[in-house]
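Notes follow once the structure below has been shown.
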Amino acid sequence: MTWLGLEGRVCVVTGAGRGIGAGVAHELARHGAHVAVLDRDAASADAVAAEIASAGGRSIGLAADVTQQDAIAAAAERVQRELGACHVLVNNAALVGYAGPLMDADLNQWNRMLDVNVTGTLICTRAFGRQMIVAGQGGAIVNVASICGHLPLTHGGVYSVGKAGLLMLTRMLALELAEHGVRCNSVSPGLVRTPATEAAYGDSEVAEARRRLVPIRRISEPEDLATVIAFLASDRAGYVDGQDVLVDGALSQSLMGWVPRPPGPMRPS
Ligand SMILES: NC(=O)c1ccc[n+]([C@@H]2O[C@H](COP(=O)([O-])OP(=O)(O)OC[C@H]3O[C@@H](n4cnc5c(N)ncnc54)[C@H](O)[C@@H]3O)[C@@H](O)[C@H]2O)c1
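Taking our numbering, the leading residue of the sequence shown gets 3, the next gets one more, and so forth.
Shown next as structure tokens:
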């Protein structure tokens, strides 16, 4: 047994065909979990599952869109049949992007983003959480929120509203599922280099300016999130419920550092 005790645990990770989700799937598999890699992109889901299998792990790829109840129900049935009842669900799938100012944002974009980033989480939680309840062995859900759910993202209002909703959804689900021994927490990443954000990090000036903005002076990688998520998914976090963990290198704490001051100390008056 490793410290986390995730061996043989059936874990489902959504949006796991690339980026943070793929990092989480690999991390859980490294701890001996049996991992269902769910993504709307079938080829990337299968590719990540194949990588896990070739490293000696147990994994299946599932092609499904988190907003499609029937497809998610079918995916849940397949998990139950091939791996057993889900014990850990990581709701990571999301649309990442800027839709512009809220006053002008296209309502189709608004609806689609909230559909994937909030409603999709509820749909997956119902399908896989039901398996946890029926199996009666407890379980853990980890939602991937964002620093933008805590702090408004300029011109990213739709994204920020969705992630703020996800933070409350996490707390609500924690309350509702506690009696079944199912915990629900979230992580809020700060700046992460993934395919979704590659355009920013491919531009060396933007990348360096972003790096300097983070107090820890480093842009995070999917692994920085994956290890925290694995901990929250494990029994080691058995008394942590309804919480959010900001994994942002102290970026969210840095605002007051930008306030101009005269040189030298300022004495209390
Ligand atoms: N990258 C960042 O800087 C950052 C920062 C804060 C939070 N996050 C959050 O982390 C999570 C992962 O982000 P990422 O950067 O790895 O994104 P990404 O775009 O690189 O990967 C997202 C994956 O989700 C899948 N997906 C999207 N919509 C789906 C749907 N409807 N059904 C099933 N699968 C779907 C995509 O196919 C893709 O494989 C998201 O919840 C995002 O909001 C990312």
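In this text, a Cβ means the ideal position worked out from N, Cα and C, and glycines have one as well.
Everything numeric in this text was worked out from a predicted model, so none of it was measured.
Chain-order list of residues whose beta-carbon lies under 7 Å from that of residue i (same chain, five-residue window excluded)
i      : result
GLN167 : Checking the displayed sequence, the identity of residue 167 turns out to be Gly instead of Gln. Once the five neighbours on either side are set aside, the close Cβ partners of GLY167 are VAL120.
ALA198 : GLY21 and VAL98
VAL139 : The question names Val, yet the displayed sequence has Gln at residue 139. Cβ within range, chain order: HIS89.
SER162 : CYS150, GLY151, PRO154 and LEU155
GLY164 : MET115, LEU116, ASN119 and VAL120
LEU226 : For clarity, residue 226 is Asp in the given sequence; the question names Leu instead. Counting only Cβ-Cβ distances below 7 Å, and skipping sequence neighbours, we find VAL249.
GLY17  : GLY23, ASP41, ASN94, ALA95 and ALA96
Residue i in three-state terms, based on DSSP
i      : result
VAL37  : strand
ARG60  : strand
ALA2   : Because the chain is modelled from 3 through 271, residue 2 falls outside the range shown and cannot be assessed.
ASP48  : helix
VAL12  : strand
VAL26  : helix
LEU85  : coil
ASP72  : helix
LEU253 : helix
Sequence-distant residues of the same chain with beta carbon closer than 8 Å to residue i, five excluded per side
i      : result
SER188 : VAL144, ASN145, VAL146, ALA147, LEU168, LEU169, THR172, GLN245, ASP246 and VAL247
TRP112 : ALA101 and VAL160
ALA76  : ALA66
GLN82  : CYS88 and GLN133
GLU9   : MET3, HIS33, GLY34 and ALA35
Heavy atom of ligand 1 within 6 Å of residue i beta-carbon
i      : result
ARG42  : yes
ALA277 : In the structure as shown, the chain begins at 3 and stops at 271. Residue 277 is therefore absent and cannot be evaluated.
ALA198 : yes
ASN94  : yes
ILE54  : no
VAL39  : no
PRO265 : no
ARG20  : yes
GLY159 : no
GLY131 : no
GLY17  : yes
VAL68  : yes
VAL194 : yes
VAL247 : no
PRO191 : yes
VAL98  : yes
VAL118 : yes
6 Å Cβ shell around residue i - same chain, five flanking residues per side excluded
i      : result
GLN71  : ILE125
ASP243 : ALA176 and ARG185
VAL26  : VAL15, VAL92, ALA228 and ILE231
ALA44  : ALA65
LEU85  : VAL12 and HIS36
beta-carbon residue i near ligand 3 non-hydrogen atom, thresh 6 Å
i      : result
SER148 : The ligand content of the structure shown is limited to ligand 1, which means ligand 3 is not among them.
Query raised in the report: Which ranges does the alpha helix (DSSP H) cover as unbroken runs of at least 4 residues, wholly within the segment 168-238, from first to last along the chain?
Result: 200-204, 206-215 and 224-235
Query raised in the report: Can you find at least 3 beta carbon pairs, one from the segment 50-64 and one from the segment 103-112, that sit closer than 8 Å?
Result: no
Query raised in the report: What alpha helix (DSSP H) runs, 4 residues minimum, are completely inside the segment 89-172?
Result: 109-116 and 122-137
Query raised in the report: With contact counted as at least three CB pairs below 8 Å, one residue from each stretch, are the segment 230-241 and the segment 59-70 in contact?
Result: no
Query - the segment 4-17 / the segment 37-46 touching (three or more Cβ pairs under 8 Å) - result: yes
Query - Three CB pairs or more closer than 8 Å across the segment 211-227 and the segment 248-268 - result: yes
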